[in-house]
Amino acid sequence: MTGGKAVLDRFAVGVDKDAIIAAALALQAKHGLAGCTLAAVAERLRVDETQVSRHFADRADLLTAMAREIARGVRATPPAQGWRAQLVQRASAGRQLMLSRRDGALLFAHMPSLFPPGGTGFDCVPALCEVGFSPADARAAVALVDRFTVGFAVAEQAAPASAETSASFESQLDIVLSGLASARPDGLVAQRDDRLRRFQSSLWVFLRDARESANISFARTVHINELDRRILLLLQAQGDMTLAAISLSTGVDKAQVSRAIKRMTEISLLARGGIRSPIRLSASGRQLAERLLRQAELRNRELTFGITDEQIVTLFGVLDTLLTRAVALFEKERKLVASNQRQEPVDFQDLVAEGLPDENGIAVDRSRILPPFITLCSYMLRGGALAHKRRTGLSNFESWVIAEICRNPPISWPQLVLALYRDQSQAGRTVNHLVESGLVERTGKPGRRHGFFAPTEEGRRISDIIRDTAARRSEFLFQGIPPPQLDSFMDAFDILSRNAEVQLAREKAIQEMDRD
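Counting in our numbering, the sequence shown tops out at residue 504, every number present.
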């Protein structure tokens, strides 16, 4: 009676998913994969086929679940050293797993990968990324090795085994891995990746040259500082704007913008109806802005000499993506600081959608090439400063100094000052603080200019954190941009940088002639 009641109960409540998978695996062991059908599983469980179909829509779903169940039983293994050894480890474990089951290779042919990412110790993507593969290329490399392993195992289970089979697998796998090694980022791809890593520092140098050149040039027109000039030109182009809108458009915090607006209101260049009213140009401010705009347009057009119209369109399209993503990163870091969640990591993937250019992206205009770059740099620096502070406790400039010292230690004092583009007093104060904090050590003769500087063990650890943070932020900013567009953007940016150097040299020469 008890047994009959149990059977009736099972028919009443249906059969669970685990029982279906276990029955399917038993059928595979007895009859092979061809015997694993929904009807056969239902018959083995003595249930109606519709109860099996409630859990698995078709046979393909059932086979995928079987493969996952087998893969789940693999014991987690510490990863081997190096990307190549990890791929060998993954392929060997996968082959052994498939050969342990009847028609195991045919079963795993239904899987997108041998092992799910994480959890088994066979996730090789991080190791591949460390040696220069992009995340997409790393995943493709793992998929290639998986497909080779499955194909080899299918042939192995279809034909009689021989003593040379294992040696053949290892030698053929070695050929596959050698192909991956030859396809590692080199040539143009390595150059692209290097330019991506150096983009923030290159952007800072480009804008430094452009700003220094502009300050010399505009000084011959009117004595006004850079932020005031940017606000005048912005209002001339956009019309009346609130303080918050100006802050967002320029990438400068509200306090600095507020002081600039107050300063220009006092000399009647700006006007506003009330403390919360939009800011507008006065008559004299509009006249000055028009003069500045004509000069700025000429200088910006000079910067784009040698860049084709097609490259300009691509340049602004990529800029739109970078700028909106940089703003998203900054807002994420700012919210973390405001909520005091200092240990919570920034989830870059959650921000991808926010970083896509909208339909009202940056207008393509040669005469306004600098403003989006200035705003991009500002948000990159502000977001980076918060990230570095959150993870290391160092300011943005301190992070920069420790990164330069770790680049090729020991570095001499003159080389360090030159690399930082700062005066010796500011660099000296920061280096002294890092030495006192135990992050940097000094060697050499007495006197700062005779010193050589290198990181301590703790300094290297901090440098690794900074490098990892910067790499992840850079990867987020540029991810998903097609390589042709990225190459076009970088080529155009290189031209802009060279033109900015030429402009600066010319303005300095004119300045010297004016002094004479």
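Ideal Cβ placement from N, Cα and C applies to all residues, glycine included.
#1: Work out the CA separation of V301 and Q467 for me, nearest whole Å.
#2: Can you have a look at V130 and say buried or exposed, based on whether 16 or more other CB atoms are within 10 angstroms of its CB?
#3: Just the Cα atoms here: how many angstroms apart are R199 and K320?
#4: Assess, as a yes-or-no matter, whether the region 301 to 317 is touched by the region 476 to 488 under the definition of 3 or more beta carbon pairs within less than 8 Å.
#5: Do A28 and L15 count as a contact pair if the criterion is CB distance below 8 Å?
#6: Per DSSP, what kind of secondary structure is A128 in: helix, strand or coil?
#7: Could you check how far apart the C-beta atoms of L280 and L220 are, in whole angstroms? I think they sit under 8 Å.
#8: Per DSSP, which residues does G432 bridge with? Please list them.
#9: Which term fits G61, buried or exposed, when burial requires 16 or more other beta carbons within 10 angstroms of its beta carbon?
#10: Which of the three DSSP states, helix, strand or coil, is assigned to L382?
#11: So Q403 packs on S201, CB below 8 Å; how close in whole Å?
#12: From G20 to F187, what does the alpha carbon distance come to, in whole angstroms?
#13: Have a look at the DSSP bridge pairing and note the partners of M229.
#14: Indicate whether the contact test is met: 3 or more Cβ pairs, each with one atom in the region 373 to 382 and one in the region 248 to 265, closer than 8 Å.
#15: Can you check which of these residues, P359, F96, S246, R83, is closest to L50 by C-alpha distance?
#16: Rounded to the nearest angstrom, what separates L75 and Q226 at their Cα positions?
#17: How would you label G372, buried or exposed, when you count the other beta carbons within 10 angstroms and need 16 or more for buried?
#18: With a 10 Å radius around its C-beta and 16 neighbouring C-beta atoms as the bar for buried, classify E298 as buried or exposed.
#19: Less than 8 Å separating the beta-carbons of A68 and L85?
#20: Within the continuous alpha helix (DSSP H) that includes P471, where are the two ends?
#21: Just to check my reading of the structure: V389 and T431 have Cβ atoms closer than 8 Å, yes? What is that Cβ distance to the nearest angstrom?
#22: Cβ atoms of L26 and F44: under 8 Å apart, would you say?
#23: Excluding the 5 residues flanking A284 on each side, which residues of the same chain have their C-beta closer than 7 Å to its C-beta?
#24: With distances taken from CA atoms, which of V113, S485, R455, Q414 is nearest L358?
#25: So, under 8 Å CB-CB, D241 and S235 are touching, yes? Tell me the CB distance rounded to an integer number of Å.
#26: Using 8 Å as the cut-off, can you tell me whether the region 389 to 398 makes contact with the region 447 to 464, which would need three or more C-beta pairs spanning the two stretches below that distance?
On the basis of the coordinates in this document:
#1: Reading the sequence shown from its first residue, position 479 is the one you call residue 467. Reading the sequence shown from its first residue, position 313 is the one you call residue 301. Rounded to the nearest angstrom, the two C-alpha atoms are 19 Å apart.
#2: Indexing the sequence shown from 1 puts residue 130 at position 142. It is buried - the Cβ of V130 has at least 16 other Cβ atoms within 10 Å.
#3: On the sequence shown, position 211 is the one that residue 199 refers to. On the sequence shown, position 332 is the one that residue 320 refers to. In a straight line, the C-alpha of R199 is about 29 Å away from that of K320.
#4: yes
#5: For the purposes of this step, residue 15 is taken as residue 27 along the sequence shown, with counting starting at 1. For the purposes of this step, residue 28 is taken as residue 40 along the sequence shown, with counting starting at 1. The answer is yes: Cβ separation under 8 Å.
#6: Stepping through the sequence shown from its first residue, residue 128 is reached at position 140. Helix at A128.
#7: Taking the sequence shown and counting its residues from 1, the one referred to as residue 280 is at position 292. Taking the sequence shown and counting its residues from 1, the one referred to as residue 220 is at position 232. The pair is a contact, with the Cβ atoms about 6 Å apart (cut-off 8 Å).
#8: Sequence index remark: in the sequence shown, residue 432 carries index 444 (1-based). Beta-bridge pairing links G432 to G439.
#9: The residue given as residue 61 occupies position 73 in the sequence shown. Its Cβ having fewer than 16 others within 10 Å, G61 is exposed.
#10: Counted from its first residue, the sequence shown places residue 382 at position 394. Three-state DSSP puts L382 in coil, outside helix and strand.
#11: For the purposes of this step, residue 403 is identified with residue 415 of the sequence shown, where counting begins at 1. For the purposes of this step, residue 201 is identified with residue 213 of the sequence shown, where counting begins at 1. The Cβ separation is near 25 Å, so there is no contact.
#12: As a working mapping, residue 20 is identified with position 32 in the sequence shown. As a working mapping, residue 187 is identified with position 199 in the sequence shown. Using only the alpha carbons, I get a separation of about 56 Å.
#13: Position 241 of the sequence shown holds residue 229. M229 is bridged to I267.
#14: no
#15: The sequence position of residue 50 within the sequence shown is 62, counting from 1. Nearest of P359, F96, S246, R83 to L50, Cα basis: F96.
#16: Sequence index remark: in the sequence shown, residue 75 carries index 87 (1-based). Sequence index remark: in the sequence shown, residue 226 carries index 238 (1-based). Cα to Cα, the separation comes out at about 55 Å.
#17: Here residue 372 corresponds to residue number 384 of the sequence shown, with the count starting at 1. Buried.
#18: Numbered from its first residue, the sequence shown carries residue 298 at position 310. It is exposed - the Cβ of E298 has fewer than 16 other Cβ atoms within 10 Å.
#19: Your numbering for residue 68 matches position 80 in the sequence shown. Your numbering for residue 85 matches position 97 in the sequence shown. No, Cβ-Cβ distance for A68 and L85 is not below 8 Å.
#20: Residue 471 sits at position 483 when you count from the first residue of the sequence shown. Unbroken alpha helix (DSSP H) run through P471: 471 to 503.
#21: Here residue 389 is taken as the residue at index 401 of the sequence shown, counted from 1. Here residue 431 is taken as the residue at index 443 of the sequence shown, counted from 1. Not a contact, Cβ separation roughly 17 Å.
#22: On the sequence shown, residue 44 is found 56 positions in, with the first residue counted as 1. On the sequence shown, residue 26 is found 38 positions in, with the first residue counted as 1. Contact: yes.
#23: Here the question's residue 284 lines up with position 296 in the sequence shown. Here the set comprises L221.
#24: Walking along the sequence shown from the start, residue 358 turns up at place 370. Closest by alpha carbon: S485.
#25: Locating residue 241 in the sequence shown gives position 253, where the first residue counts as 1. Locating residue 235 in the sequence shown gives position 247, where the first residue counts as 1. Confirmed, about 6 Å.
#26: yes
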